[in-house]
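Peer 1: Got a structure here, written out as structure tokens. Questions coming.
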């Protein structure tokens, strides 16, 4: 089975159509990725490919991160989005939404303040939804939290 999944991934990466049902993976599978165990959301110092996890979350409650140091995030959850929030004080809070089963290097995404999202996350919220938000961002109305 592992060989079939590796082969399917290789063929799909190359852009080839695979028609054999034996080579297709289930649409929502409980898996770990980049050292982040299912069903966690992990925050990294450095990129998710070679950085280290400094914090992880599993509960669907509003939680603060440690000192604006997240460079990357991995969401291994199957049905939940993750909202990363920058508490901007007197301005409206900015957010970026990470869909289910997704790894993101935050330096690849522009922040509304003109920099990137790397080292600009104050809070994490696991949002119990269908997990289908695309990586998107915006600002939250005053006093509103997901």
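Residue numbers (this note's numbering): 38 to 183.
Even glycine gets a Cβ: it sits at the ideal position worked out from N, Cα and C.
Quick caveat, the model's predicted, so the values are computed rather than measured.
1) Could you check which residue in 106, 118 and 141 has the C-alpha nearest to that of residue 159?
2) Can you tell me whether residue 103 is buried or exposed, with buried defined as 16 or more other CB within 10 angstroms of its CB?
3) Can you check which of these residues, 88, 119 and 85, is closest to residue 170 by C-alpha distance?
4) Ignore the nearest five residues each way along the sequence and tell me which others in residue 88's own chain have a CB closer than 7 Å to its CB.
5) Note down, in chain order, each residue of its chain lying with its Cβ closer than 7 Å to the Cβ of residue 85, except the 5 sequence neighbours on either side.
6) Would you decide whether residue 64 is buried or exposed? Buried here means 16 or more other CB atoms lie within 10 Å of its CB.
7) Could you give the residue range of the beta strand (DSSP E) that holds residue 167?
8) In angstroms with no decimal places, state the Cα-to-Cα distance between residue 92 and residue 174.
9) Do residue 165 and residue 113 come within 8 Å of each other at the CB atom, strictly closer than that value?
10) Going by C-alpha distance, which of 157, 133, 151 and 152 is nearest residue 172?
11) State the start and end residues of the unbroken beta strand (DSSP E) segment that holds residue 174.
12) Is it right to say residue 138 is buried, meaning 16 or more other beta carbons lie within 10 angstroms of its own, or is it exposed?
13) What number of angstroms, rounded off, separates the C-alpha of residue 152 from the C-alpha of residue 145?
14) Please classify residue 130 as buried or exposed, where buried requires at least 16 neighbouring CB atoms within 10 angstroms.
15) Figure out for me which residue from 122, 155 and 68 has the closest Cα to the Cα of residue 7.
Peer 2: A quick look at the data gives this:
1) Ranking the options by Cα distance to residue 159, first place goes to 106.
2) Its Cβ having fewer than 16 others within 10 Å, residue 103 is exposed.
3) Ranking the options by Cα distance to residue 170, first place goes to 119.
4) Excluding sequence neighbours, residue 88 sits near 81, 82, 108 and 109.
5) Excluding sequence positions up to five before and after residue 85, its CB lies within less than 7 Å of the CB of 71, 109, 111, 140 and 142, all in the same chain and listed in chain order.
6) Confidence at residue 64 is low in this model, with a pLDDT of 45, below 50, so the placement of that residue should be treated as unreliable; the coordinate-derived value is given next. By the neighbour-count criterion, in which 16 or more other beta carbons inside 10 Å mark a residue as buried, residue 64 falls on the exposed side.
7) First-last for residue 167: undefined, no H or E at that position.
8) If you take the alpha carbons of residue 92 and residue 174, they lie about 22 Å apart.
9) No, they are not a contact pair.
10) Per the Cα distances, 133.
11) Its beta strand (DSSP E) spans residues 173 to 176.
12) By the neighbour-count definition (other C-beta atoms within 10 Å, threshold 16), residue 138 is a buried residue.
13) One alpha carbon belongs to residue 152, the other to residue 145, and they sit about 10 Å apart.
14) With 16 or more Cβ atoms within 10 Å of its Cβ, residue 130 is classed as buried.
15) Given that the chain is displayed from residue 38 to residue 183, the structure contains no residue 7 and the question cannot be resolved.
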